[in-house]
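One structure is given below, encoded as structure tokens.
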Amino acid sequence: MTKLSISQAWDECRAILARDGKLIGAVALALFVLPGILLNVVLPRAKAGAMPQPGLWMAVVLVVLVISFVGQLSIVRLALGPHITVGEAIAHGARRVLSYLGAVLIWTVPFLLVGSVLYETAGADRAQPSVAASLLLLAVSVVGIYVGVRLILISAVASAEAGGPIAILRRTFALTHGNWWRLFGFMLIFGLGALALLWAVGSVVGLVARLTFGDLSPLSVGGLIVIIVSQLISAVVSVVLFVMIARLYGQSTGQAGVQASVPSTGI
28 MTKLSISQAW DECRAILARD GKLIGAVALA LFVLPGILLN VVLPRAKAGA MPQPGLWMAV
88 VLVVLVISFV GQLSIVRLAL GPHITVGEAI AHGARRVLSY LGAVLIWTVP FLLVGSVLYE
148 TAGADRAQPS VAASLLLLAV SVVGIYVGVR LILISAVASA EAGGPIAILR RTFALTHGNW
208 WRLFGFMLIF GLGALALLWA VGSVVGLVAR LTFGDLSPLS VGGLIVIIVS QLISAVVSVV
268 LFVMIARLYG QSTGQAGVQA SVPSTGI
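Dropping the structure here:
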């Protein structure tokens, strides 16, 4: 069992971003920001708490999801090194994306299905909610959090190692053994910080855009500015997260120091 150091991973993350940030940023722009903007534009609006009507947007969501997964794997590959071009990293991510997607679906879909059923059961009678269903929903949520933390390195394992979805899940569980509280603390702090940043920037940009342009519908100038800025901030957060995950994986497998080195060509 390797005890992971969050501070060491953070130092390595900063070093990689300082040296290769522009090239990693190009990957994020192409595979996070642009697809995210497209999704926000085509996604139909629905009432609060309701899903939009089925339509072509569902295919767009699937495509954007796959593209973002390729981006995650590409960024991890660049952060792990050694010596690979940006184009090669993206091609590598595309080759590994199906195994990664399969591993993610294997562990998330059961929790989502069970959680949805329990949520509907618990709220079926709002006057007298089902206590049993509520307790089971709480238990499923706790187990989901535990499993999610244990699988935090799943993108790094999928990118750095061969094997199918089951092998990825088993390997990730093995690598995070004994480090649950460290990883949980990291995710809690990172998540709260990311939410605060996204909320603060989104609020300020939204207010300025509303005062300047008035209309914030998706295809208006103000709406597009809000979408673009929010996607850029989300991409920055995602880049930091996946570089951190790559460096934590490096520690767990005995990869010492920062080895990533990205050439300036190949995109």
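Numbering (our numbering), first residue to last: 28 to 294. Positions of the beta carbon are idealized from the N, C-alpha and C atoms, including for glycine. On a predicted model such as this, the values are computed, not experimentally measured, just so you know.
Is H119 helix, strand or coil by DSSP?
Along the sequence shown, one-based indexing puts residue 119 at 92. Helix.
Using a Cβ-Cβ cutoff of less than 6 Å, which residues in the same chain neighbour L202 once the five nearest sequence positions on both sides are dropped?
For this step, residue 202 is matched to residue 175 along the sequence shown. Excluding sequence neighbours, L202 sits near L180 and S279.
Should the segment 185 to 199 be regarded as contacting the segment 89 to 108, the criterion being three or more beta carbon pairs within less than 8 Å?
yes
Going by the CB atoms, is the gap between P192 and A130 shorter than 7 Å?
Along the sequence shown, one-based indexing puts residue 130 at 103. Along the sequence shown, one-based indexing puts residue 192 at 165. A contact, by the Cβ cut-off of 7 Å.
DSSP-derived helix/strand/coil call for E188
By one-based count along the sequence shown, residue 188 stands at place 161. Three-state result, E188: coil.
On the three-pair Cβ rule with 8 Å, is the segment 239 to 254 touching the segment 262 to 279?
no
How would you call V68, buried or exposed, if buried means at least 16 neighbouring beta carbons within 10 angstroms?
Here the question's residue 68 lines up with position 41 in the sequence shown. That one is exposed.
Buried or exposed: where does P62 fall if 16 or more other Cβ atoms within 10 Å of its Cβ makes it buried?
As a working note, residue 62 is residue 35 in the sequence shown. Buried, by the Cβ-count rule.
G205 versus L243 - alpha carbon distance
One-based indexing of the sequence shown puts residue 205 at position 178. One-based indexing of the sequence shown puts residue 243 at position 216. Approximately 48 Å between the Cα atoms of the pair.
Could you check where the alpha helix (DSSP H) with Q258 kicks off and where it finishes?
Translated into the one-based positions of the sequence shown, residue 258 becomes position 231. That run of the alpha helix (DSSP H) goes V248 to S279.
Output the distance between the C-alpha atoms of L56 and A262, rounded to the nearest integer angstrom.
Taking the sequence shown and counting its residues from 1, one reaches residue 56 at position 29. Taking the sequence shown and counting its residues from 1, one reaches residue 262 at position 235. Roughly 7 Å separates the two Cα atoms.
Cβ-Cβ separation, I33 to R209 (assumed contact under 8 Å), whole Å
One-based indexing of the sequence shown puts residue 209 at position 182. One-based indexing of the sequence shown puts residue 33 at position 6. Their Cβ separation, rounded to whole angstroms, is 6 Å, which keeps R209 and I33 in contact under 8 Å.
What's the C-alpha gap between V54 and V264?
What you label residue 54 is simply residue 27 of the sequence shown in a count that begins at 1. What you label residue 264 is simply residue 237 of the sequence shown in a count that begins at 1. So the two alpha carbons sit approximately 14 Å from each other.
Taking the beta carbon of Q258 as the centre, do at least 16 other beta carbons fall within 10 Å, making it buried, or is it exposed?
Within the sequence shown, residue 258 is the residue found at index 231, counting from 1. By the 10 Å Cβ count, Q258 comes out buried.
Nearest-angstrom Cα distance between G142 and L89?
Taking the sequence shown and counting its residues from 1, one reaches residue 142 at position 115. Taking the sequence shown and counting its residues from 1, one reaches residue 89 at position 62. Between the C-alpha atoms of G142 and L89 there is a straight-line separation of about 22 Å.
When you compare only the Cα positions, how much space is there between S126 and S182?
Start at 1 with the first residue of the sequence shown, and residue 126 comes out as number 99. Start at 1 with the first residue of the sequence shown, and residue 182 comes out as number 155. Inter-residue distance for S126 and S182 is about 10 Å (C-alpha atoms, whole angstroms).
Which first and last residues belong to the alpha helix (DSSP H) in which S168 is found?
Walking along the sequence shown from the start, residue 168 turns up at place 141. Element bounds for S168: V158 to R177.
Please state the DSSP three-state secondary structure of G142.
Start at 1 with the first residue of the sequence shown, and residue 142 comes out as number 115. Three-state result, G142: helix.
Does DSSP put D47 in a helix, a strand or coil?
Position 20 of the sequence shown, counting from 1, holds the residue named residue 47. Residue state, collapsed to three classes: helix.
Drop a sphere of 10 angstroms on the beta-carbon of S230, count the other beta-carbons inside from all chains shown, and report buried for 16 or more, exposed for fewer.
Reading the sequence shown from its first residue, position 203 is the one you call residue 230. It counts as exposed.
Alpha carbon to alpha carbon, how far is F138 from G171?
As a first step, residue 138 must be located in the sequence shown, where it is residue number 111. As a first step, residue 171 must be located in the sequence shown, where it is residue number 144. When rounded, the distance between both Cα atoms is 7 Å.
Ordered along the chain, which non-local residues of its own chain (more than five positions away) have a Cβ less than 8 Å from that of L83?
Residue mapping note: residue 83 aligns to position 56 of the sequence shown, counting from 1. Excluding residues within five positions, the ones whose Cβ falls inside 8 Å are V69.
Cβ-Cβ distance between I260 and L225 below 7 Å:
Here residue 260 corresponds to residue number 233 of the sequence shown, with the count starting at 1. Here residue 225 corresponds to residue number 198 of the sequence shown, with the count starting at 1. Contact flag set, yes.
Measure the Cβ-Cβ separation of F96 and V124 and say whether it is below 7 Å.
In the sequence shown, residue 96 corresponds to position 69, counting from 1. In the sequence shown, residue 124 corresponds to position 97, counting from 1. Contact: yes.
Does DSSP put P81 in a helix, in a strand, or in coil?
Start at 1 with the first residue of the sequence shown, and residue 81 comes out as number 54. The answer is coil: DSSP assigns P81 none of H, G, I, E or B.
Going by Cα to Cα distance, which pick from V60, F59 and A86 is closest to P71?
Here residue 71 is taken as the residue at index 44 of the sequence shown, counted from 1. It is A86.
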